[in-house]
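Numbering (the UniProt record's numbering), first residue to last: 1 to 247.
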């Protein structure tokens with residue numbers, strides 16, 4: 001059973017932007033009987049893990065939130081929402097599930113599991129497994145580069161390793177996690193096109209999507225070589241430019 005708690009993260013001590021204010025207002029309107037819990041520097045021990053400590057100290061707060069959301073769900077249960085998620089209807093009919101998550105089309109090259117909306121009962125084993133993954137991670141790699149793999153890619157990979165076919169179809173994994181099609185939690189895709197159905201609970205507006213960081217004129221390249229290779233080439237290019245500047 002998932003408790004009526006909405007978890008969200010806001011690290012960095014900055015004022016909330018207009019979209020965050022709008023989305024949080026939708027939670028309060030549609031979910032008046034849910035408790036809202038904000039996770040930030042005052043109640044999440046980001047120094048406990050090397051990954052979050054390093055990410056926080058260089059201002060990469062989104063990666064701190066990647067871990068904080070899993071910590072909140074594992075220890076309290078509830079529903080985690082990114083602050084760019086606008087709620088359209090109550091989650092009440094999903095609260096009987098052990099945990100739930102959904103697909104998103106944040107990028108053109110593959111099916112991915114979204115992490116902007118995650119529901120789970122306290123102590124859910126698969127959420128705990130996701131959280132434990134970060135025990136072994138560092139944010140600053142030995143070569144000085146940052147470990148900026150999006151949590152969407154990480155959780156998608158962890159689930160695919162369990163033999164789950166990524167096909168945007170409903171899937172019940174071992175009566176532990178229900179995976180829902182894209183229209184349930186993330187009907188907007190990376191282009192901004194939105195397909196709301198009678199099954200849609202909320203809209204993820206993708207304010208921080210990595211795909212939005214790719215210029216439109218480059219997306220045909222991503223379609224051919226994939227996003228991992230695209231960013232890998234970008235890092236190589238940046239290193240070459242840096243070496244040229246210093247010589």
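We treat Cβ as the ideally placed atom computed from N, Cα and C, and that holds for glycine.
* Look at residue 4 and residue 35 and say whether their C-beta atoms are less than 9 Å apart. => yes
* Asked: Got a sec? Which residues, its chain only, sit under 7 Å from residue 121 by beta carbon, not counting five neighbours each side?
  -> The residues are 1, 2, 77, 98 and 99.
* Cβ separation of residue 186 and residue 114, assumed to be a contact under 8 Å, to the nearest whole Å -> 5 Å
* If you follow the alpha helix (DSSP H) that residue 160 is part of, which residue opens it and which one closes it? -> 151–160
* Asked: Mind checking whether residue 74 and residue 156 have CB atoms under 9 Å apart?
  -> no
* Asked: Between residue 167 and residue 112, what straight-line distance do the alpha-carbon atoms span, to the nearest angstrom?
  -> Rounded to whole angstroms, the separation of the alpha carbons of residue 112 and residue 167 is 9 Å.
* Asked: Is residue 194 near the ligand GDP, judged by its Cβ being under 8 Å from some heavy atom?
  -> Absent from the structure shown: the ligand GDP. Ligands present: none.
* Burial state of residue 18 (16 or more Cβ within 10 Å) -> exposed
* **Cβ-based burial, residue 66 [other Cβ within 10 Å; buried from 16]** => buried
* Return the chain-ordered list of same chain residues with a C-beta closer than 8 Å to the C-beta of residue 84, the five sequence neighbours on each side being excluded. => Answer for residue 84: 19, 20, 23, 116, 204, 205, 206, 207 and 208, listed in chain order.
* Are the Cβ atoms of residue 150 and residue 169 separated by less than 9 Å? -> Contact: no.
* To do: Specify whether the region 49–62 and the region 135–143 touch according to this definition: at least 3 beta carbon pairs, one from each stretch, less than 8 Å apart.
  => yes
* Take residue 12 and list the residues in its own chain whose beta-carbon comes closer than 6 Å to its own, dropping the five residues that flank it on each side. => Counting only residues of its own chain and dropping the five nearest sequence neighbours on each side, residue 12 has a CB closer than 6 Å to the CB of 61.
* Give the straight-line distance between the Cα atoms of residue 10 and residue 201, rounded to the nearest whole angstrom. => 22 Å
* Asked: Going by beta carbon distance, what residues of the same chain come within less than 7 Å of residue 46, once the five residues before and after it are set aside?
  -> 52, 53, 56 and 64
* Given a threshold of 16 other Cβ atoms within 10 Å of its Cβ, counted over all protein chains shown, does residue 96 qualify as buried or as exposed? -> exposed
* Sub-9 Å separation of residue 6 and residue 88 beta-carbons -> No, Cβ-Cβ distance for residue 6 and residue 88 is not below 9 Å.
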